[in-house]
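Residues 50 to 127, numbered by the numbering used here, are exactly what the sequence shown covers, in order. The C-beta atom is built at its ideal place from N, Cα and C for all residues, glycine as well. Following: one structure in structure tokens, then a few remarks.
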Amino acid sequence: MPNVEADPVLFEDSILQQELLFDIVNEAKTTNEIEIQKRLRQCRRRSAAVEAQALKESRQSFELTDEELLKAFTDAKD
Numbered sequence: 050m051p052n053v054e055a056d057p058v059l060f061e062d063s064i065l066q067q068e069l070l071f072d073i074v075n076e077a078k079t080t081n082e083i084e085i086q087k088r089l090r091q092c093r094r095r096s097a098a099v100e101a102q103a104l105k106e107s108r109q110s111f112e113l114t115d116e117e118l119l120k121a122f123t124d125a126k127d
């Protein structure tokens with residue numbers, strides 16, 4: 050007749066192994082989330098830098114040279 054009694058030591062080891070596995074999975078999730086947040090911040094910074102550069106270039110393209118300003122003032126006087 051087979052032994053149908055559960056060995057308490059094996060049962061406790063199984064629970065400890067399961068808890069350890071859950072801890073490892075949770076730590077991996079946390080580490081992954083932290084890494085995702087870092088990458089999002091980097092992307093946002095890069096995006097902001099690109100937008101700032103585009104805005105700067107846009108402003109420069111609309112700025113008038115000194116000659117253009119003088120011509121505009123003289124045209125406005127006439």
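DSSP state of residue i mapped onto helix, strand, coil
i       : result
Thr-114 : coil
Inter-residue Cα distance where the pair is residue i and residue j
i       : j       : result
Glu-112 : Ala-103 : 14 Å
Ala-77  : Lys-87  : 15 Å
Ile-73  : Glu-100 : 40 Å
Ile-85  : Ala-98  : 20 Å
Ser-96  : Lys-126 : 44 Å
Leu-118 : Arg-90  : 42 Å
6 Å CB neighbourhood of residue i in its chain, flanking five on each side removed
i      : result
Glu-68 : none
Own chain partners of residue i with C-beta closer than 7 Å, once the 5 adjacent residues on each side are dropped
i      : result
Ile-83 : none
Cβ shell of residue i (< 8 Å), same chain only, five flanking positions each side left out
i       : result
Ala-121 : Leu-113
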